[in-house]
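> Chains as they are written, first to last, in numbering that gives the first Met the number 0: chain A, 0 to 365; chain B, 0 to 365.
Ideal Cβ positions, reconstructed from N, Cα and C, are used throughout, including at glycine.
Owing to the predicted nature of the structure, the values given are computational and were not obtained by experimental measurement.
Input: one structure, supplied below.
2 protein chains.
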Amino acid sequence: MNDLKLEDIAKLAGVSRSTVSRVVNASPNVGAATRKRVEKIIQNTGYHPNAAARSLASQRTNMIGLVIPRTTSAFFTDPYFPHLTQGVAFACNNHHMTLSLFLVGNQEDENEITPRLLRRGMLDGILLQSGNSDDMLFRRLISSQVPLLVLGRPFEEKSVNYIDVDNISAAKSAVSHLLKLGYQRIGMITGAIRSTTSVDRQTGFEQAMAEAGREIDPSLIVEGDFSENSGYVAMKKLLAFTPDAIFAQSDVMAIGAMRAVQEAGFEIPKDIAFVGFDDLPIASTLPIKLTTVHQPITHFGIKAVDLLIDMIEKGTKPAKRMILDTELIIRDTCGGKSVSRPTDQGAEMEGSALNALIQTGGAIHH
Amino acid sequence: MNDLKLEDIAKLAGVSRSTVSRVVNASPNVGAATRKRVEKIIQNTGYHPNAAARSLASQRTNMIGLVIPRTTSAFFTDPYFPHLTQGVAFACNNHHMTLSLFLVGNQEDENEITPRLLRRGMLDGILLQSGNSDDMLFRRLISSQVPLLVLGRPFEEKSVNYIDVDNISAAKSAVSHLLKLGYQRIGMITGAIRSTTSVDRQTGFEQAMAEAGREIDPSLIVEGDFSENSGYVAMKKLLAFTPDAIFAQSDVMAIGAMRAVQEAGFEIPKDIAFVGFDDLPIASTLPIKLTTVHQPITHFGIKAVDLLIDMIEKGTKPAKRMILDTELIIRDTCGGKSVSRPTDQGAEMEGSALNALIQTGGAIHH
DNA sequence: AATTTCTTTGGGAGCGCTCTCAAAAGTTAT
DNA sequence: ATAACTTTTGAGAGCGCTCCCAAAGAAATT
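Here is the structure:
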């Protein structure tokens, strides 16, 4: 529509560039009449300040980056990330920030993306999904200048800012619940063992067992990778060792595992009980509703942005930490009686286990 | 690590700012020795050019925006969008572009986001998910300067650049297949009827019926909104009218509908056959594998970025159009024997081979 | 009426790059 | 050796804004 600059508006309004700048930036030190006049002209001309010029002069871009490293990029097969992204995007809007998304697909991508991340005048801050310990990208970002907040506890947490949920006590409460219900042979399907998430949930499992004075049977712990299929495969292995309850480190794996259990002709929770982790929307619409640890994924994303922006504005020293709480949601797969939260709607819906990966809810698109 | 600027590097290398700039931008007009020397210093100092300054001077930001309007923002409940985003992100990396994601949650967001989108010096181009016809955001973007590519045919297509799949012939082939198999009472579950996607798929349905000389029974067409639950609800209505086959306009709705059918005690495909649309990965891992129209979602995102960048570089006149092909993937829910099109080489693939194709998220064949 | 204080405005100096143009240096041809 | 190119380098003028500082004007104080 136009290529006007501040100067042009100034001329049109008969004021100086500075004054127009003040109006645009809502500075209080402008006379009411002048402000009105300038605003009107801006309105009429459809003037929009140039973002690059503004960033250069102010040393602020109002952009933050969300980086999903290569080691985590089974990304879009897991509903976790869309939910997270949504939270992050939402919070960015609230803060008038623009969100840039960096999906690192492979090593090549990483080489290509890293310099863009490090470039000054690009991002005010970075949200980095925690990945493996040997993540090169991780190291380079840590040692850079940009305010950086890691999503999920990193392996080397020394002086790095991160936000996480309390995976240990969350897992502990899940397993303790199974113990309380009297299950004797409790198995676990882990996530990708190179993630702290998985390590911490395993620690919680061990703590719960120890507190109950139970021995851990190593054959009842099988490694998964957070995917539905890995849950299915893991469960097939586990069946040979006759568990009576399973703690799956993610809902998606729980769903895969339950599929294996049902195919084998067992009943849930009568023969084998289940507790998952995440509390994805689907958990409450399964035919046998999944008992699981609720973690506030979208909220997690929002909190992360809030914290990052705080860091940007107030500096990152000392290292920032934020740990969010989780909540065990008891439904049907763990046996015992169902104590569902009143907020759980959709609990009426029945569904085949194979709806598993699909979430319900109004989708309008394509 | 440092706050060096071009000037500093120049001083260190004993050359001028211009020369360093040439090295950084890989200009050919630099002496080999000079280049080497400068490169080494850049390497050692860890210098990275300032993005804002560069954008301001060059009038190029190397950023593109992906905008999901409000009318479409049940976004992250539908696997379609993560797949699309992945494709877009992938292509951006290839083009050394940064992707900014704009999720418009509500009217407030829209007001907040619009100016950011319109601001010059921010985005080189915009990818806009097609929404409703009365979308204010749509209008404002159309009438702005930024190169704009709409994902999905918009209602007013006059002089707007868009990319889409051939929904009409895709739907037609799906329905023709059911007709060929001899089904007599073919029903349809539509998507959100205010989207062109849904309208086009309905047109395809009608064309197939017309070509076969069939009357359309309006009671066999029920409106959904692309969500799993809407498929379930729609199917409950449809059951009263005894259809023997259903064309669902999305896989997710097909899954919901099949859930309803099974609950009612019918068998698939014996009592009621199904064809879906999308070919999400889950379609091939269902207990009864879903016959569906494959649309290359991720690939669609890639093509979109390619086209947009082409527009940015070469201008947008005349209006650009790109229509991608789809492919009917015959599996188990449609009954009958696999009738493959002679030209389809994918039709040879069964089960796991097909899965492989789908899991790669790719089917890169156009 | 003169002085002080506060508010409103304008001017100028960058922010760190790109890009054109001309000068300098190096090549080849005459 | 000189002329005529070609390649390599440097200088300067922006890109469009912010932000500090000082000037001007208005209001309040003496």
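Which first and last residues belong to the alpha helix (DSSP H) in which B:Val149 is found?
Segment Leu147 to Leu150 is the beta strand (DSSP E) holding B:Val149; no alpha helix (DSSP H) there.
> Can you give the Cα-Cα distance for A:Ile328 and A:Ala173, rounded to whole angstroms?
9 Å
> Do A:Val304 and A:His94 have their beta-carbon atoms positioned less than 8 Å apart in this structure?
yes
> Can you find a C-beta in chain B that's less than 8 Å from the C-beta of A:Asp343?
Since pLDDT at A:Asp343 reaches only 33, below the 50 mark, its modelled position is unreliable, and the value read off the structure follows with that caveat. No, A:Asp343 lies away from the interface with chain B (no Cβ there is under 8 Å from its Cβ).
> Let me see if you follow: with CB-CB separation under 8 Å, is B:Glu111 close to chain A or not?
yes
> Across which residues does DSSP place B:Gly275 in a beta bridge pair?
Paired residues: B:Thr291.
> Run through chain A and tell me which residues come within less than 7 Å of B:Arg115, C-beta to C-beta.
Thr97
> Are B:Ile125 and B:Leu306 touching if we call contact CB-CB under 8 Å?
no
> Under the rule that 16 or more other beta-carbon atoms within 10 Å means buried, what is A:Ser158, buried or exposed?
That one is exposed.
> In chain B, which residues lie with their C-beta within 9 Å of the C-beta of A:Gly104?
Gln85, Ala88, Phe89 and Asn92
> Could you tell me whether the Cβ atoms of A:Glu111 and B:Asn92 are closer together than 8 Å?
yes
> Under 8 Å, do B:Thr195 and B:Gly230 count as touching if we go by C-beta distance?
No, the pair does not count as a contact, with Cβ atoms beyond the cut-off.
> Listing by chain order, which chain B residues have their CB less than 7 Å from the CB of A:Ala51?
Ala51, Ser54, Leu55, Thr60 and Gly120
> Taking three-plus beta-carbon pairs below 8 Å as touching, is the stretch 50–65 of chain A in contact with the stretch 33–41 of chain A?
A contact is defined here as three or more CB-CB pairs under 8 Å, and the stretch 50–65 of chain A fails this definition with respect to the stretch 33–41 of chain A.
> Check whether the Cβ atoms of A:Gly64 and A:Leu116 lie closer than 8 Å to each other.
Taking 8 Å as the Cβ cut-off, A:Gly64 and A:Leu116 qualify as a contacting pair.
> Quick check on B:Thr332: does DSSP put it in helix, strand or coil?
coil
> Would you kindly work out how many angstroms separate the C-alpha atoms of B:Gly104 and B:Pro68, rounded to a whole number?
8 Å
> Report the neighbours of A:Pro48 on chain B: residues whose CB is nearer than 7 Å to its CB, in chain order.
Arg118
> Taking the straight line between their C-alpha atoms, what separation do you get for A:Asp7 and A:Asp134?
Approximately 49 Å between the Cα atoms of the pair.
> For A:Leu126, which residues in chain B fall below 8 Å Cβ to Cβ?
What A:Leu126 touches in chain B: nothing, since even the nearest Cβ is about 12 Å away.
> So if DSSP puts B:Arg320 in a beta bridge, which residue, or which two residues, is it bridged to?
B:Tyr161
> Report back the beta-carbon spacing between B:Leu178 and B:Ala211 to the nearest angstrom; my notes put them in contact at under 8 Å.
5 Å
> Give me the residue from A:Val232, A:Arg16 and A:Gln183 with the minimum Cα distance to A:Glu214.
A:Gln183
> Kindly examine the ligand GDP and report whether one of its heavy atoms sits closer than 7 Å to the Cβ of A:Leu327.
Among the ligands in the structure shown, none appear at all, so the ligand GDP cannot be discussed.
> Just tell me which of A:Ser168, A:Ile188, A:Val66 and A:Leu102 has its CA closest to the CA of A:Asp216.
A:Ile188
> When burial is assigned at 16 or more other CB atoms within 10 Å of the CB, is A:Pro374 buried or exposed?
Because residue 374 of chain A is not part of the residues shown, which for chain A are 0 to 365, the question remains open.
> Does the CB of A:Leu289 have a neighbour CB from chain B at under 8 Å?
no
> Closer than 8 Å, CB to CB, is B:Asp108 near chain A or not?
yes
> Pop quiz: B:Asn278 and B:His293 are said to be a contact at Cβ under 8 Å. What is the actual Cβ separation, rounded to whole angstroms?
Correcting the residue type first, residue 278 of chain B is Asp in the shown sequence and not Asn. About 4 Å separates the two Cβ atoms, so the contact holds.
> Please classify B:Pro295: is it buried, with 16 or more other beta-carbons within 10 angstroms of its beta-carbon, or exposed?
buried
> Is B:Met348 helix, strand or coil when you go by DSSP?
With a pLDDT of only 31 at B:Met348, under 50, the local geometry of the prediction cannot be trusted, and the value read off the model is given with reservation. Coil, per DSSP.
> Quick one: what's got a C-beta closer than 8 Å to A:Asp122's C-beta in the same chain, skipping five residues either side?
First, the residue type needs correcting, since residue 122 of chain A is Leu and not Asp in the sequence shown. Excluding positions up to five away in sequence, the list reads Thr60, Met62, Ile63, Gly64, Ser99, Leu116 and Val145.
> Can you look up B:Gln128 in the DSSP assignment and give me helix, strand or coil?
The answer is strand: DSSP assigns B:Gln128 an E or B state.
> Considering only DSSP beta bridges, list what A:Phe265 is partnered with.
In the DSSP assignment, A:Phe265 forms no beta bridge with any residue.
> Leaving out five residues on either side along the sequence, give the residues of the same chain with a beta carbon under 7 Å from the beta carbon of B:Met321.
Ile162, Lys302 and Leu306
> Confirm, please, whether the CB-CB distance from A:Arg200 to A:Gln248 is below 8 Å.
yes
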